[in-house]
Amino acid sequence: MNPDFQKRLDSVTGYKDSRQKCADEVLENPELFPELVQLCFQTSNKNISKACWVLELVCYEKLEWIQEYLDFFCPNIKNLTDDGALRSISKVCLLLTIFHFKKAAIILSENQLQQITETCFDWLIKDTKVASKCYAIRALHLLGKHYDWVYPELKIILEKDYIHHSAAYKAVGKEILKKINHQK
Numbered sequence: 239m240n241p242d243f244q245k246r247l248d249s250v251t252g253y254k255d256s257r258q259k260c261a262d263e264v265l266e267n268p269e270l271f272p273e274l275v276q277l278c279f280q281t282s283n284k285n286i287s288k289a290c291w292v293l294e295l296v297c298y299e300k301l302e303w304i305q306e307y308l309d310f311f312c313p314n315i316k317n318l319t320d321d322g323a324l325r326s327i328s329k330v331c332l333l334l335t336i337f338h339f340k341k342a343a344i345i346l347s348e349n350q351l352q353q354i355t356e357t358c359f360d361w362l363i364k365d366t367k368v369a370s371k372c373y374a375i376r377a378l379h380l381l382g383k384h385y386d387w388v389y390p391e392l393k394i395i396l397e398k399d400y401i402h403h404s405a406a407y408k409a410v411g412k413e414i415l416k417k418i419n420h421q422k
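All residue numbers for the sequence shown refer to the numbering used here, where the first residue is 239 and numbers rise by one.
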């Protein structure tokens, strides 16, 4: 582990500029990327959220970098519990599904697709913050084009939970329910 990088990660704040500065450092020094991925899943690490924030921003620019780490990333997403980490990792999962199904720029194995699907459903049924749920809903909509069992399950959850959630959840839920119903 690079102690200098860990110190810089320690100084990251929730402000976009701070997160972006650290992400830019990783983008300029790709040798830091493997360490960043590892730090995202060290649940005892006090900087887990910060590492995930930075990973999300790096993935916006260089999503292909995560391809060789998917065998580590996908089975470990289910172990995250920190809300800040979950929000960023759920966004990375959405990016992965978009780039797998729509752009064919990322190749997810059948096992990786299943791991993302199961974790996204877990985020929906657990007491997860709304942003993570919304990213999970959108990812599951794409995954439902691959797995025929996803839409019926997703529809049940969205219809049942719709009234109990925020305006953001309701907006995404309504949009995805409409898409599911029009695909039949």
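Note that the Cβ used here is the ideal one computed from N, Cα and C, for glycine as well.
Note down, in chain order, each residue of its chain lying with its Cβ closer than 6 Å to the Cβ of residue i, except the 5 sequence neighbours on either side.
{"i": "LEU415", "result": "LEU396"}
{"i": "LEU362", "result": "LYS371, ALA374 and ILE395"}
{"i": "CYS278", "result": "ALA289, CYS290 and LEU293"}
Take residue i as the anchor and find which of the options has the nearest alpha-carbon.
{"i": "ARG246", "options": "LYS254, CYS260 and ILE327", "result": "CYS260"}
{"i": "ASP320", "options": "THR366, ASP360 and GLU391", "result": "THR366"}
{"i": "PHE243", "options": "LYS254, LEU295, GLN258 and LEU270", "result": "LEU270"}
{"i": "HIS338", "options": "PHE310, LEU392 and LEU380", "result": "LEU380"}
{"i": "GLY382", "options": "ILE363, HIS402, HIS403 and CYS358", "result": "CYS358"}
{"i": "PRO272", "options": "ASN283, PHE311, LYS284 and ALA342", "result": "PHE311"}
{"i": "ASN267", "options": "TRP303, ASN349 and ASP309", "result": "TRP303"}
{"i": "LYS393", "options": "THR281, ILE418, TYR253 and TRP361", "result": "ILE418"}
{"i": "ASP386", "options": "ALA409, ALA405 and GLN421", "result": "GLN421"}
{"i": "ALA342", "options": "LEU334, VAL388 and ASN349", "result": "LEU334"}
Got a sec? Which residues, its chain only, sit under 7 Å from residue i by beta carbon, not counting five neighbours each side?
{"i": "GLU299", "result": "LEU265"}
{"i": "LEU332", "result": "TYR373, ARG376 and ALA377"}
{"i": "ILE336", "result": "LEU380"}
{"i": "ARG257", "result": "VAL250, TRP291, VAL292 and LEU295"}
{"i": "ASN240", "result": "LEU270 and GLU273"}
Tell me the DSSP secondary structure of residue i in three-state form.
{"i": "TYR253", "result": "coil"}
{"i": "TRP291", "result": "helix"}
{"i": "GLN353", "result": "helix"}
{"i": "LYS340", "result": "coil"}
{"i": "SER404", "result": "coil"}
{"i": "ILE327", "result": "helix"}
Output yes or no for whether 8 Å exceeds the beta carbon distance between residue i and residue j.
{"i": "LEU293", "j": "VAL275", "result": "yes"}
{"i": "ILE286", "j": "ALA323", "result": "yes"}
{"i": "TYR407", "j": "VAL368", "result": "yes"}
{"i": "ILE327", "j": "ILE344", "result": "no"}
Does residue i get closer than 8 Å to chain D when you measure Cβ to Cβ?
{"i": "GLU397", "result": "This model lacks chain D altogether, as it is built from one protein chain only."}
Answer yes or no: the CB of residue i versus the heavy atoms of the ligand MN, is any distance below 7 Å?
{"i": "VAL368", "result": "Of ligands this structure carries none, so the ligand MN is not represented either."}
For residue i, I'd like the list of residues in its chain whose CB is within less than 8 Å of its CB, leaving aside the five on either flank, ordered along the chain.
{"i": "GLY411", "result": "ILE375, LEU396, ASP399, TYR400 and HIS403"}
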